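Engineer:
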Amino acid sequence: MTSVRTTSTRYDHQAIEAKWRERWEKDGIYRVDDDDSRPNWYELHMYPYPSGDLHIGHWYAMSGADLHARFKRMSGFNVLHPMGFDAFGLNAENAAIQRGIHPFKWTMSNIENMRLQLRSMGPMYDWDREIITCTPDYYKWNQWFFLQFYKKGLAYRGFAPVNWCPSCKTVLANEQVIDGMCERSDTPVEQRDMNQWFFKITDYAEELLDQSKIDWPERINTMQTNWVGRSEGVEVEFDISEYGLEQKTLRTFTTRIDTVFGVTFVVLAPEHPLVPELTIKEQKAEVADYIHQASLETEIERLSTEKEKTGVFTGAYCINRLNGERVPILTADYVLHTYGTGVVMGVPAHDARDFIFAKKYGLPIRVVVAPPDWDGGDLEDAYLAEGTQVNSGEFDGLSSSEGLQKIADHIEAQGWGERKVNYRMRDWLVSRQRYWGTPIPIIYCPECGEVPVPDDELPVVLPEDAEFLPTGESPLALHEGFVNVPCPDCGRPSKRETDTMDTFVDSSWYFLRYASAGFQDGPFDPEAIKKWNPVDQYTGGVEHAVMHLLYARFFTKALRDLGLIDFDEPFVRLFNQGTIIYQHQKMSKSRGNVIAPDDYVNEVGADVVRSYLMFLGPWEAGGDWSDSGINGVARWANRVWEVANRDSSELDHSPVNENSVRDVQRALHKTIKKVSDDMDSFKFNTAIASLMELTNTLTQAWERSDLTSDAWNEAVSNLVAMMAPITPYLSEELWEATGHESSVHTQSWPEWDESLAADETITLVVQVNGRLRDRIEVPVGIEEDTAKETALSSPKIQPHIQGKDVSKVIYVPGRLVNIVAG
RNA sequence: GCCGAAGUGGCGGAAUGGUAGACGCGGCGGUCUCAAACACCGUUGGGCAUAACGCCCGUGGGAGUUCGACUCUCCCCUUCGGCACCA
556 MTSVRTTSTR YDHQAIEAKW RERWEKDGIY RVDDDDSRPN WYELHMYPYP
606 SGDLHIGHWY AMSGADLHAR FKRMSGFNVL HPMGFDAFGL NAENAAIQRG
656 IHPFKWTMSN IENMRLQLRS MGPMYDWDRE IITCTPDYYK WNQWFFLQFY
706 KKGLAYRGFA PVNWCPSCKT VLANEQVIDG MCERSDTPVE QRDMNQWFFK
756 ITDYAEELLD QSKIDWPERI NTMQTNWVGR SEGVEVEFDI SEYGLEQKTL
806 RTFTTRIDTV FGVTFVVLAP EHPLVPELTI KEQKAEVADY IHQASLETEI
856 ERLSTEKEKT GVFTGAYCIN RLNGERVPIL TADYVLHTYG TGVVMGVPAH
906 DARDFIFAKK YGLPIRVVVA PPDWDGGDLE DAYLAEGTQV NSGEFDGLSS
956 SEGLQKIADH IEAQGWGERK VNYRMRDWLV SRQRYWGTPI PIIYCPECGE
1006 VPVPDDELPV VLPEDAEFLP TGESPLALHE GFVNVPCPDC GRPSKRETDT
1056 MDTFVDSSWY FLRYASAGFQ DGPFDPEAIK KWNPVDQYTG GVEHAVMHLL
1106 YARFFTKALR DLGLIDFDEP FVRLFNQGTI IYQHQKMSKS RGNVIAPDDY
1156 VNEVGADVVR SYLMFLGPWE AGGDWSDSGI NGVARWANRV WEVANRDSSE
1206 LDHSPVNENS VRDVQRALHK TIKKVSDDMD SFKFNTAIAS LMELTNTLTQ
1256 AWERSDLTSD AWNEAVSNLV AMMAPITPYL SEELWEATGH ESSVHTQSWP
1306 EWDESLAADE TITLVVQVNG RLRDRIEVPV GIEEDTAKET ALSSPKIQPH
1356 IQGKDVSKVI YVPGRLVNIV AG
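Just so you know, this note's numbering puts the end of the first sequence at 1377, numbered straight through with nothing missing.
(1) Return the residue from the list PHE1110, PHE1122, PRO1043 and GLU1175 that minimises the CA-CA distance to VAL1097.
(2) In terms of residues, what are the limits of the alpha helix (DSSP H) holding VAL1149?
(3) Could you spell out where the alpha helix (DSSP H) holding TYR1167 opens and where it closes?
(4) Thinking C-alpha only, which one of ILE611, TRP682 and TYR566 is nearest GLU580?
(5) Leaving out the 5 sequence neighbours to the left and right, which residues in its chain are closer than 8 Å to GLN1140 when beta-carbon positions are compared?
(6) CB-CB under 7 Å to CYS1000, same chain, minus the five flanking residues each way: which ones, in chain order?
(7) Using the C-alpha atoms, what's the distance from LEU1347 back to GLU1338?
(8) For PRO678 versus MET617, is the C-beta distance shorter than 8 Å?
(9) Go ahead and pull the three-state DSSP assignment for GLY1358.
(10) Here's the rule I'm using: 16 or more other beta-carbon atoms within 10 Å means buried, otherwise exposed. How should ILE884 be labelled?
(11) Where does the unbroken beta strand (DSSP E) through ALA715 begin, and where does it stop?
(12) In whole angstroms, what separates the C-alpha of HIS657 from that of ALA1199?
(13) Is the CB-CB distance between VAL726 and GLY735 below 8 Å?
(14) Determine the DSSP secondary structure at SER1071, reduced to helix, strand or coil.
(15) DSSP on VAL1216, reduced to helix/strand/coil?
(16) Find the nearest neighbour of GLN672 within the set TRP719, PRO637 and HIS613, judged by alpha-carbon distance.
(17) Which same chain residues, not among the five before or five after ILE1352, have their C-beta less than 8 Å away from its C-beta?
(18) Rounded to the nearest angstrom, what separates THR886 and ASP794 at their Cα positions?
(19) Excluding the five sequence neighbours on either side, which residues of its own chain have a C-beta within less than 7 Å of the C-beta of ASN524, listed in chain order?
(20) At the level of alpha carbons, what is the spacing between GLU941 and LYS914?
(21) Which one or two residues does DSSP pair with HIS600 in a beta bridge?
(22) Taking only three categories from DSSP, how would you classify MET1278?
(23) State the beta-bridge partners of PHE1126 as determined by DSSP.
(24) Note down the Cα distance separating PHE910 from ALA840, rounded to an integer number of angstroms.
(25) On the DSSP letters alone, give me the boundaries of the beta strand (DSSP E) that TYR978 sits inside.
(26) Residue range of the alpha helix (DSSP H) that ASP909 falls in?
(27) Could you have a look at TYR1366 and say whether DSSP puts it in helix, strand or coil?
(28) Can you list the alpha helix (DSSP H) stretches of 4 or more residues lying completely in the stretch 1172-1200, in chain order?
(29) Can you check which of these residues, LEU891, ASN1186 and ALA1276, is closest to GLU1291 by C-alpha distance?
(30) Would you check if the distance between the CB atom of ASP1054 and the CB atom of ARG979 is smaller than 8 Å?
(31) Rounding to the nearest angstrom, what Cα-Cα distance links TRP596 and SER1303 in this structure?
(32) By the three-class DSSP mapping on this structure, what secondary structure does SER947 have?
(33) Take the Cβ of LEU851 as the centre, count every other Cβ of all protein chains shown within 10 Å, and call the residue buried at 16 or more, exposed below.
(34) Under 8 Å by Cβ, that's how I've got THR1241 and SER1272 pegged, so tell me the actual separation to the nearest angstrom.
(35) When the Cα atoms are used, what is the spatial distance from MET1234 to PHE1170?
(36) Exposed or buried, what is ALA1151 when buried is set at 16 or more other beta-carbons lying within 10 Å of its beta-carbon?
Shown next, in the form of C-alpha cells:
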C-alpha cells in the first residue's frame, strides 16, 4: 500500500466473513445439484494459472463473474459457477530448475494458497467440482483425446519451424513471443526446424469463421476472422517443362488473377525445394549464398515490413500460359514458403511489394488494369484499385472485376489451374519440449513406427523422479525408465515420445469436465454434459481471443464429429472484462506498483474490495485503482450498515408523510428495475451507483422520520437483497440482522412494479431555440396542448419570445417543449 | 501501413437524439474535538454578474444534418489495443 487509508468499516468484517464462510460451508448453500426444478445456467470464468498469489486482476475478473452468477441464481436459475486451476506450465518447471522444488509440489502448494485467497473473496464456487489439470485423472483424458484425434487423422506428426529461446533453452508458444523477443528473458527468438505434433485445426477453418451460433464481442469475432485469414483466389500454373524436371509447372496462388497478363517475373520462397533445381550453373553460388542468408534471419526480421526487399535471379524462366511470355524466376525472402504454394507471380504494376522489388531490380512494369484516367504512361506507384483490363488479350476492355471472373473461368477451362481458398491459420503445434505437461501418448517402434499407447494403458504418467537440469532437453528424454518401453504391437524395445502437450490442450475442454468433475469412465459424463453444456455465459480476458478461445471452439467441433457431444460451440455468450491498472500503468513487480488485495481485504473486508472493483468503471473497460476511491465505497458499506441496523419501530412514534412514503417506494422500485437491467448486462458500476442513491434516499428519509416502519423495512430488505451478489458477507449478516431466516443468497431477486415505479409528476423542460430556459413541474399525463400552453405562458419564457415570431412548438411527450422563435 | 475501440469537470466515470456532468473521489466551508484524524452536514464545470428564479461558454478540433447533437454523418488530431510483406 502506497498511501494512508483512513476509512475503516464500522463493523467487524473479519468476524462476519469468518462466520459466514463457515456457515455457508456447513449448510452447503453453494453445492450445485444437476437436477433442480429451476432451469440450469452455466456461468464460467476462465480458470487461473496457479502462480501462487491471487492478484488484484484475479479479484477484478472473478468478482465480476461471481456477481453475475449470483445475480442469475437469485433470478431463478440453478447456477453452476465452478472454479479450477490451469496447473501445467513453464513457471512450475522453472521453479524446479532454479529452486529445486518439484513442479508438482510447487503447483499444489500454490493452489492451496490460492484456494484460500479465492475463498476469502466469498465466491459461490462449488469446490466439489474443482479441476486441477496436472493430476493424472485429468490429463489422462488429454491423452485419450489426442489418440481419438490421431485415429481420425486430426493429430499428425510433421517437421516444422518453431520459436526457440536460446536463453531459456526451450521452445516458446507464439503468444510468448512479443515483438520477436522472449517475454521471459527478452532474448531474440530463433527459428528451429523440429519434428512436431500438430492438431489439424485447419480442417475446421471454414466452420470457425461461422459465428452465427455465438454471441461474442465483435472485436473477438474480428480477431478470430483475421486469424483464420480466409482469402479467395486462383492457383495458376507457369510452365517450366523446358528444364526436364519431374515437376513441369510452378503453381502460384493469387487473389488478383485479373492481373495475370501483367506478370513480369515469378518469385519462389528461398526454402522452396525447386530453387536449387532450377538455378542455372552461373547463378548457383549467388543463390546458395542468398538461401543461407535468409535461413539465418529470425522470423521477425524476415517479416518486417520496414526491411528492404532483396532477391536473386535463378537464371531460369517460366512461361505464362495466358500470353505465352517467358518471364524470369527469382527467389526472394518476401515470399513465405508457408503460405499458399510458396510461389508468387510478380505483377509490379498492381502489387505494392512487387512494384518496389521490380524498381530495385529493373524488372519491367506493365499495366494491365488501367486506372480510370490513365494516360498510358508509367505509374508512380502500384495501382491496386479496380480499373479496365488492358494488355490482357481477349479480356481487354472488361472491368477488372469482370476480368477476375472471366480469366479464372478461362484458366479452369484450359486446365491451367483452379479457384482456391487459402487460409492464413496454420495447424496447431501442440508439442512442447518440456517436462511439466501432458506426455504425448505415442511410442516409436523400430518396426511398427508410430504406435499409439493403448487406451487401457492410459494415463501415461509423468515420472516424478525426473532430473531438472537447464539443458534445454526435456527431463523426460533423460529418464531411461520413462523412455524405454516395449512396443504395444510387437513387443520390441521401443521409445516413448518425450515431448509434452501445449497447456492450451488442457483448457480446450476443461469446461466439459466441471459438469461431472470426478468422472472416471470418460472425460465427462454424457448425461451431465446434456444438463449443463454448452456454457451459457463465459467471462475472461481478451488476451485469449485467438488462442484459447479458438482452440476450444476447434475442440468442441472435433468432439462433436467424434460423436462425443452434440453441440457446435463451447461458449454461447462471451463477455470480456477489462484490465485493472494502477497509477495509469499496468501493474508490475519491477515497477513496484502492485496492489495486493489481501492487504485491503484485511483492512476493509472482501465486500468493500469487491464493491470498489466493480464500481470504479464499466467492467469491460477495466480501470485505475485508487486508494482514496475505495474509501467512498467503504463509507457506503458503513452507511448501509447503519441504515439496516436502525430500529424501525422508532418510526411508529412520529407522524407519517404519505408523499414521503410514496417517494421512497418509487425510489425503491426504480432502483430494482435499474439494478436488474444493469447486473444482467454487466454494468456493475451503474448498478452500484443506483444502490448508493437508494441508500442516500433512505438516510434522508430517516432524518425526516416520516415513513411507516413497513415502508422502511421493505426498502431496507430489498436494498440488502440487491447488494447480495456484490457484497455477499455484509448482505448475509444484515439479512440476518433484519430478522430474516435462511440465506439471502437463496432468496428470489426483488421484482419491481412498473406502476409503483411510475412518476406522478414530471419536470417539463422548456427550451427556446434549443436552449434551456425553464423547468416546470407538471402532472405526468399532461396533454400536449396544455404542456405547450404552460410553456408559452411561463414568465421565464416570455422575455425570450417577446417580439419574435413563434414559428413552431415541438412537444416531446413527458419530456420537453421546444419553442422555435426567430 | 491496415483494422478496431476510445477521447466528457482537478480525478474515476454517468447520460447513446431531448435538463451534460448521475454516483463516487478530491477540494472548499461548517459541525464534532483541547487539537488532529475519522465521521457527519453543506457546497463544488468555467466565466460574466446589475447578484437574478439572470446571461454566456463548455463533452479532442473543424464542418454538416436537426427545432434540438456527448449522442448521427464527413474530415482531421491524439491515445490505447490488435494485425502487419498472407501474394
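Note that CB positions come from ideal geometry on N, CA and C, so glycine has one too. Note that the structure is a prediction, hence the values are computed from the model and not measured.
Structural biologist: In short:
(1) GLU1175
(2) Segment: none, VAL1149 is in no alpha helix (DSSP H) and carries neither H nor E.
(3) 1161-1170
(4) TRP682
(5) ARG1146 and ASN1148
(6) VAL1006, CYS1042, ASP1044, CYS1045, ARG1047 and SER1049
(7) 14 Å
(8) yes
(9) coil
(10) buried
(11) 710-720
(12) 51 Å
(13) no
(14) helix
(15) helix
(16) HIS613
(17) VAL1321, VAL1323, ARG1328, ASP1329, ALA1346 and ILE1374
(18) 17 Å
(19) This structure cannot speak to residue 524, because the chain is shown only from 556 to 1377.
(20) 22 Å
(21) THR1094
(22) helix
(23) VAL1090
(24) 27 Å
(25) 972-978
(26) 907-916
(27) strand
(28) 1182-1199
(29) ALA1276
(30) no
(31) 15 Å
(32) coil
(33) exposed
(34) 22 Å between Cβ atoms; not a contact.
(35) 12 Å
(36) exposed
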